[in-house]
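Participant: Remember, my numbering sits 1113 above the position in the sequence shown when you count from 1. C-beta atoms are modelled at their ideal positions from N, C-alpha and C, and glycine is treated no differently.
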Amino acid sequence: MAPHARVAAYKVCWEAGCCFGSDILAAMDRTVRDGVDILSIGPTRASLDNVAPWILTVGPGTLDRDFPAYVLLENSSRLTGVSLYSGPGQGNKPAGLVYGKGVSDSSKLCVPSSLDPKLERGKVVVCDRGGNSRVEKGIVVRDAIGAGMILANTDANGEELVVDSHVLPAAAVGRKAGDVIRDYVRSSSHPVVELRFAWSEAAGPTGLEKDTRKIRFNIMSGTSMSCPHISRVAALLKAAYSDRSPSTIKSALMTTAYTADNTGSPVRDAVGGMYSTPWAHGSGHVDPQKALNPGLVYDISSEDFISFLCSLGYSINQVKAVTKLPNITCSRKLSDPGELNYLSFSVLLGSKRVMRYTRELTKVGPASSTYEVKVRGPEDVQVIVKPTKLVFTSVGEKKYTATFASKKEPNLIARSDFGSIVWKRNENQVRSPIAYTWTRIGRVIG
């Protein structure tokens, strides 16, 4: 994405991975002074956050492509996993299989210094995912003279698999396959296994000091790569429309995202295999092509954000500290924080069973156009949108009001459900996700 973008890197971390918040903030200030358009940064490695100054919060998705590896147990079980291991194979002779044998209980996680070469020598070691990096576990097994590794998911990761370029024969498997393997090891007096791969002649480095392989190719995935990917899409939008605000770029990316897979079914959560919700996938998978032509966008000005902060109950001095503006008076407040012109709705239905909010859409496509509304959601909520059509004769703004009325009494136990408001015109679909929660405390933050 964005192959012609100019990339600048700002040093904020030091030896041993030490990154001070003051250095990170200083670098952010410098990027603004330097005229940087898009800032791609994560709060920490393999993490995400959803508070200021982050404009977009991202997460990884999956592809309908795989890098299969197979685990063959002596009891004729053939389990499928993934791997990018590219070195010599295990050979045709099965190897012994061990799990949880080492100098401490942490041997199940294969953390450094947890394995005993006397117990692991020449055997394939089962390592639970978590605790340390996936590839580092393989290094720990290799240092214990192990012949290979099976990286097995636990409940925490479910069936989500990440393909890695391991330093020894290794396969990653989901929780279900991992449980089969762990049960097999516990129930067999002499468990053995065979690992089979298809690999290329070379692999990219893992970034670990003990991995000295040369770069021929590499595949990187996960949240850490989703961030620069979406940042580059934002850079493309900024290049195409230099006058667009951060909020409108965000709106274009999110309101045009899709939530169905390549079979037309709702996307599933990789961890549990259940249908995903906006709390997991947010607005959905980004569609760069559609984001270039969103049709309508939700814009939020700096003044709107200040009014939003003032409506949250912060003191004037606190708002001044956040905005760095000395003349803040909070004379303009939103009647409710949910009135912020945000592209999604979070509706809490409790003591108030009817909530009403206004949004404003800005036309950025053809000057003359008409959009019709379509509401999707649970039967427990009646949603009324007025007007039902937005008619534009020129580029400009149109407002609409959404009323949410609960058809049921609030429960002692909070319950959630989801829906959406979609404005449609030919190829344009501007979708705003809605999250409903029934509780005895009624408040909405949009």
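1. Is there a Cβ of chain C sitting closer than 8 Å to that of residue 1241, yes or no?
2. Indicate whether residue 1576 and residue 1203 have their beta-carbon atoms separated by less than 8 Å.
3. Can you check whether the CB of residue 1412 is closer than 8 Å to the CB of residue 1448?
4. Reducing DSSP to helix, strand and coil, say where residue 1241 ends up.
5. Counting only the same chain and skipping the five closest in sequence on each side, list residues whose C-beta sits under 7 Å from that of residue 1146.
6. The beta strand (DSSP E) with residue 1536 in it runs from where to where?
7. Any chance you could list the alpha helix (DSSP H) runs of at least 4 consecutive residues sitting entirely within the region 1334 to 1396, in chain order?
8. For residue 1299, which three-state DSSP category applies?
9. Hey, residue 1295 and residue 1253: beta-carbon distance below 8 Å or not?
10. When DSSP builds the beta bridges, which residues end up paired with residue 1482?
11. Should the region 1360 to 1380 be regarded as contacting the region 1393 to 1413, the criterion being three or more beta carbon pairs within less than 8 Å?
12. Enumerated in chain order, which unbroken segments of the beta strand (DSSP E) with a length of 3 residues or greater are wholly contained in the region 1242 to 1280?
13. Tell me the residue span of the alpha helix (DSSP H) that contains residue 1082.
14. Our contact map puts residue 1237 next to residue 1200 with C-beta atoms below 8 Å; I'd like the distance itself, whole angstroms only.
15. Is the separation between the beta-carbon of residue 1169 and that of residue 1343 shorter than 8 Å?
16. Have a look at 1491, 1292, 1492 and 1264 and flag the residue whose alpha-carbon is nearest the alpha-carbon of residue 1247.
17. My output table needs one value for residue 1517: the three-state DSSP class, helix, strand or coil.
18. Keeping to the same chain, check which residues put their C-beta closer than 6 Å to that of residue 1386; ignore five residues upstream and five downstream.
19. Go ahead and label residue 1476 buried or exposed: buried means 16 or more other beta carbons lie within 10 angstroms of its beta carbon, across all protein chains shown.
20. Give me the DSSP bridge partner(s) of residue 1398.
21. Can you tell me the Cα-Cα spacing of residue 1351 and residue 1367, whole angstroms?
22. What residues are listed by DSSP as bridge partners for residue 1459?
23. Could you tell me which of 1222, 1519, 1235 and 1127 sits nearest to residue 1266, measuring between CA atoms?
24. Once you ignore the five residues that flank residue 1309 on each side, which residues in its own chain have a CB closer than 6 Å to its CB?
25. Along the chain, where does the alpha helix (DSSP H) containing residue 1209 start, and where does it finish?
26. At the level of alpha carbons, what is the spacing between residue 1185 and residue 1232?
27. Return the CA-CA distance between residue 1379 and residue 1391, expressed in angstroms with no decimal places.
Facilitator: Reading from the atomic positions:
1. No chain C is present in this structure, which holds just one protein chain.
2. Nothing can be reported for residue 1576, as the shown portion of the chain is limited to 1114 through 1559.
3. no
4. strand
5. none
6. 1528 to 1538
7. 1336 to 1353, 1359 to 1368 and 1391 to 1394
8. helix
9. no
10. 1505
11. yes
12. 1261 to 1265
13. Nothing about residue 1082 can be read from this structure; the chain reaches only from 1114 to 1559.
14. Incorrect: roughly 15 Å between the Cβ atoms, too far for contact.
15. yes
16. 1264
17. strand
18. 1272
19. buried
20. 1371
21. 15 Å
22. 1548
23. 1222
24. 1183
25. Not the alpha helix (DSSP H): residue 1209 falls in the beta strand (DSSP E), residues 1208 to 1212.
26. 21 Å
27. 11 Å
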